[in-house]
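Novice: Residue numbers (the UniProt record's numbering), protein chains in the order written: chain W, 1 to 328; chain R, 1 to 328.
All residues carry an ideal CB built from backbone N, CA and C; glycine is no exception.
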C-alpha cells in the first residue's frame, strides 16, 4: 500500500481475549489477530500485551507506525463513552472507573476513542458488513446474554449517558415473566441467549417435556441444546424457535421506537446462521413474528438478517469509531 | 417587529380542529388561533379555511406575507414524511395518499414541510417548551390513545419509513395482556390513555371492586374517572396510578433503547399536571417505577417531567420543522 495511506488500529478487548486489526481508511483489513488479553496478570501486563500485539500488527501489515492515524478501543460493560472511562473493567481486581482511552492514547502516542463493544460491532457491520451503508441499524448480539448496538446516520447512537442500546433489558413481559437477580422482570435477555436457553430447557423438563438430552447434567450448555436441536430433538428445536419469538417482540419494540432501516442478529447464539436448517428456521421465525406484530409498512420494509462479520465486527467497528472522530 | 424578520407559519391539523400560529425565527409566537378544521365539508373547503385563517394570522401578527419564510403542517396518522404524503387523511371520504405538503405549498405559494403531529409536538417542546435545548428527548402524548415523538440532536427522528416513535405500540405484556382490535397484544396504549382507563375501570368493577362512580353508565369517560379520583374515589385513583406504572415500563424500554436526556409527558390525560395532587402523584409514580427498572445511571439522570406547551406544541413544532428545512 502507498506509504502515505492512513490506517486505523481497532482493538476489541474482552475479559479473556482480544481481537485487533489494522483497517485502512477505505475499509480494507490489512492484518488481524485474535489473542489472549493477558488481563489475568493485571492491567499493566494487559496493556503491555496490547502494545506488543499492536506493534506486531503494524509490522505484519507492512505499514509504519506513523500511518496509524488513531486507535479505537471497544470494551464490554457500562462506561462513560465521551470521557473514555470504563466503569467496571474486565473484573480487574482493584479497578473502577478506568480511564482506558487516555491510558491507551498515552501509551501508544496516538489519539484514541473508546466505545462499548456491541455498539462498535453495530458500526462495524454498517461499515463493512451486512449493514453496509444502512442509514439506520439495530444490531442484536446473542451470546451468554443479549446486547445491542444502534447506528443512526452513520454514527453510533450512544445516548445521553452512554447507555443506549441496552436492548437485552427491553421488558416484554412485566407480569409473570422470569425474574433476574437484578430485580428486572421479563426482559429479552431472560428469554433469549445461552443462559436463558439452558434455564428454559430445565423448566420445560421440570414441566414434563421430554428430550434426548440429559437435563440433570449440571454442565448442560446452550451449545449442547442447539446441537440436539440440529439432531432432531424436538424440545430443543421448539425452545430455540420460541427464542426467536421473544427476540421478535424485543425487535418490534425497537421498530416502534426507532423504525430502523435494518435489524441484524449476530453473536454465538445464531446457530450457524444461513448455513444450517436451524439457523434459517430461527431467522424465518424471527421475521414472521415481527411481521405479525408491527405495522404493514415496517413489517414489509424492515430488513432483518444475520450480521456477517462474526467476532471481527468489534475491532472493525472500533477502527470505524476512530475513523469518524479522527478523519484523515 | 422589523419588516425584514422572517417568520414561520405552523399549522396543526386534526380531524375536527386546527391550531395555527406565526412564530418568528428566534421563537416568539406573534399570533395563534384555534379554529374548526371545516373538513366535514371536504378537502377544498378545508384548504380554503386554512388559507383564510393563515392570511388573517399574518395580518393580525403585523407582518407581511413575504415575511413568511415557510409553512410547517402537522397531521395525525401514518404518512410518508419525506414525500409529504398523508396515507389516510382525517377520515376524508374518498381520500387516500393525500399529497398534503405540496397542496399547501402550491396553494400558499410558500415552501412547506409535513410532519406527524406527535413528532412535531416533541420538536415544539424541544424548541420552546419543557425540553428546551435537550440534546435528545422522547415525548409521550396521552389522549384517547397514546402517541410519541422523538427528537435527537435537535431534529425529529422520523425513522427509515416515517414510522418512528409509535410508542403506544411498545409491547410490555406479550402473554396474557389486553388485546387490541388490530391483533397487537399487551402494548402501552392498551393500558394507558383514556380508552384504556375506561376499559380497565369496567374490568375492575366486573372483578368486584367498588367505586362512587356508576360503572354501568355507557357514557362513562376517562374525564369522569379522573374527576372521581380527585374527589377521593379510591378505585379511580388506583387505576390512574397503575397507568403510571404501565407508562413507566414503556418509558424504561425507550430508555434502554435510546437513552434520551429527557422524557416528557403531555396530552389531555395528564390530570392537571403539576397543579393537582393527582397530576403530581401520577408523575411521582412514573418516576419511581422507571427508577425501579432501569440502570442506576439512567434512573438518576433521565429527566422525566410534564410537557409545557399544551395543545400549542404541535403548531410550534410544525413551524420548527419548517425552520430547520428552510432556514433564513
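#1: Which residues of the stretch 250-263 of chain W have a Cβ closer than 7 Å to any Cβ of chain R? Give them in chain order.
#2: Relative to the C-alpha of residue 231(R), which residue among 242(R), 212(R) and 243(R) is closest?
#3: Shorter than 7 Å from the beta carbon of residue 299(R) to some beta carbon of chain W?
#4: What are the boundary residues of the beta strand (DSSP E) that residue 304(W) is part of?
#5: At a CB-CB cut-off below 8 Å, which residues of chain R make contact with residue 53(W)?
#6: What first and last residue would you give for the alpha helix (DSSP H) that runs through residue 309(R)?
#7: Taking only beta-carbon positions, decide if residue 164(R) is within less than 7 Å of chain W.
#8: At a cut of 8 Å, does the stretch 64-76 of chain R reach the stretch 3-10 of chain R through at least three beta carbon pairs?
#9: Starting from residue 230(R) and walking both ways along the alpha helix (DSSP H), at which residues does that stretch end?
#10: Run through chain R and tell me which residues come within less than 7 Å of residue 174(W), C-beta to C-beta.
#11: Contact criterion: CB-CB distance below 7 Å. Does residue 228(W) meet it with respect to chain R?
#12: Taking a contact to mean a Cβ-Cβ separation below 7 Å, would you say residue 112(W) touches residue 315(W) in this structure?
#13: Would you say residue 78(R) and residue 90(R) are within 7 Å of each other, going by their C-beta atoms?
#14: Check this for me: beta carbons of residue 125(R) and residue 307(R), under 7 Å apart or not?
#15: For residue 104(W), I'd like the list of residues in its chain whose CB is within less than 7 Å of its CB, leaving aside the five on either flank, ordered along the chain.
#16: Per DSSP, residue 115(R) forms a beta bridge with which residues?
#17: Kindly give me the distance between the Cβ atoms of residue 148(W) and residue 157(W), rounded to whole angstroms, as I take these residues to be in contact under 8 Å.
#18: For chain R, find out if any of its Cβ atoms is closer than 7 Å to the Cβ of residue 159(W); answer yes or no.
#19: Straight-line CA distance for residue 13(W) to residue 75(W)?
#20: For residue 202(R), count neighbouring Cβ atoms within 10 angstroms of its own Cβ and tell me buried if that reaches 16, exposed if not.
#21: With DSSP as the reference, please indicate the residues paired to residue 17(W) in a beta bridge.
#22: Across the stretch 243-257 of chain W and the stretch 274-286 of chain W, are there enough close Cβ pairs to call them in contact, namely three or more that are closer than 8 Å?
#23: Within the chosen definition, does the stretch 292-311 of chain W reach the stretch 262-275 of chain W through at least 3 CB pairs nearer than 8 Å?
#24: Determine the direct distance from the alpha carbon of residue 138(R) to that of residue 150(R), and round the result to whole angstroms.
#25: Please identify the residue among 179(W), 295(W), 225(W) and 318(W) whose C-alpha is closest to the C-alpha of residue 251(W).
#26: Please state whether DSSP places residue 205(R) in a helix, a strand or coil.
#27: Give the list of continuous beta strand (DSSP E) stretches no shorter than 3 residues that lie fully inside the stretch 246-275 of chain R.
#28: Using a Cβ cut-off of 7 Å (strictly closer), state whether residue 184(W) contacts chain R.
#29: Using the rule of at least 16 other Cβ atoms within 10 Å of the residue's Cβ for burial, across every protein chain shown, is residue 59(W) buried or exposed?
#30: Is the beta carbon of residue 267(R) closer than 7 Å to that of residue 273(R)?
#31: So who's on the other strand from residue 136(R), going by DSSP bridges?
#32: Give the DSSP-derived three-state secondary structure of residue 100(W) in the structure shown.
#33: Would residue 110(W) be called buried (16 or more neighbouring beta carbons within 10 Å of its own) or exposed?
#34: Taking only three categories from DSSP, how would you classify residue 175(R)?
#35: At the 7 Å Cβ level, is residue 295(W) part of the contact set with chain R, yes or no?
#36: Taking 6 Å as the line, does the beta carbon of residue 230(W) fall inside it for any heavy atom of the ligand FAD?
Specialist: Straight from the coordinates:
#1: Those residues of the stretch 250-263 of chain W that come within reach of chain R (Cβ to Cβ, closer than 7 Å) are 252, 253, 254, 256, 257, 258, 259, 260 and 261.
#2: Taking only the C-alpha atoms, the option nearest residue 231(R) is 212(R).
#3: When Cβ-Cβ separations below 7 Å define contact, residue 299(R) makes no contact with chain W.
#4: Counting along the chain, the unbroken beta strand (DSSP E) around residue 304(W) starts and ends at 303-306.
#5: Those within 8 Å of residue 53(W) in chain R number zero; the least Cβ separation is about 32 Å.
#6: Where residue 309(R) is concerned, there is no enclosing alpha helix (DSSP H), because DSSP gives it neither an H nor an E.
#7: For residue 164(R), the answer is yes, since a Cβ of chain W falls inside 7 Å of its Cβ.
#8: As far as the Cβ criterion goes, the stretch 64-76 of chain R touches the stretch 3-10 of chain R, which means the pair count is three or higher.
#9: Segment 222-230, the alpha helix (DSSP H) holding residue 230(R).
#10: Under a criterion of Cβ atoms nearer than 7 Å, the residues of chain R adjacent to residue 174(W) are, in order, 172, 173 and 249.
#11: No, residue 228(W) lies away from the interface with chain R (no Cβ there is under 7 Å from its Cβ).
#12: No, the pair does not count as a contact, with Cβ atoms beyond the cut-off.
#13: It is not a contact, given that the beta carbons lie outside the stated cut-off.
#14: The answer is yes: Cβ separation under 7 Å.
#15: Answer for residue 104(W): 71, 73 and 112, listed in chain order.
#16: Note: residue 115(R) is bridge-paired with 74(R) in the DSSP secondary-structure output.
#17: Contact flag wrong, Cβ pair sits at about 11 Å.
#18: Residue 159(W) counts as touching chain R.
#19: If you take the alpha carbons of residue 13(W) and residue 75(W), they lie about 5 Å apart.
#20: With fewer than 16 Cβ atoms within 10 Å of its Cβ, residue 202(R) is classed as exposed.
#21: According to DSSP, which records beta bridges pairwise, residue 17(W) is partnered with 36(W).
#22: By the Cβ criterion, the stretch 243-257 of chain W is in contact with the stretch 274-286 of chain W, since at least three pairs of Cβ atoms, one from each stretch, lie closer than 8 Å.
#23: Output reads yes: the stretch 262-275 of chain W touches the stretch 292-311 of chain W.
#24: About 5 Å.
#25: The option with the nearest alpha carbon to residue 251(W) is 295(W).
#26: In the structure shown, residue 205(R) sits in a helix (DSSP, three-state: H, G or I).
#27: Segments of the beta strand (DSSP E) lying fully in the stretch 246-275 of chain R: 262-266.
#28: Chain R, which has a Cβ nearer than 7 Å to the Cβ of residue 184(W), makes this yes.
#29: With fewer than 16 Cβ atoms within 10 Å of its Cβ, residue 59(W) is classed as exposed.
#30: In terms of Cβ geometry, residue 273(R) and residue 267(R) do not form a close pair [threshold 7 Å].
#31: Bridge pairing for residue 136(R): 152(R) [DSSP].
#32: The answer is helix: DSSP assigns residue 100(W) an H, G or I state.
#33: In the assembly as shown, residue 110(W) is a buried residue. Its beta-carbon has 16 or more other beta-carbons within 10 Å.
#34: Taken through DSSP and simplified to helix, strand or coil, residue 175(R) comes out as coil.
#35: So yes, residue 295(W) belongs to the interface.
#36: Among the ligands in the structure shown, none appear at all, so the ligand FAD cannot be discussed.
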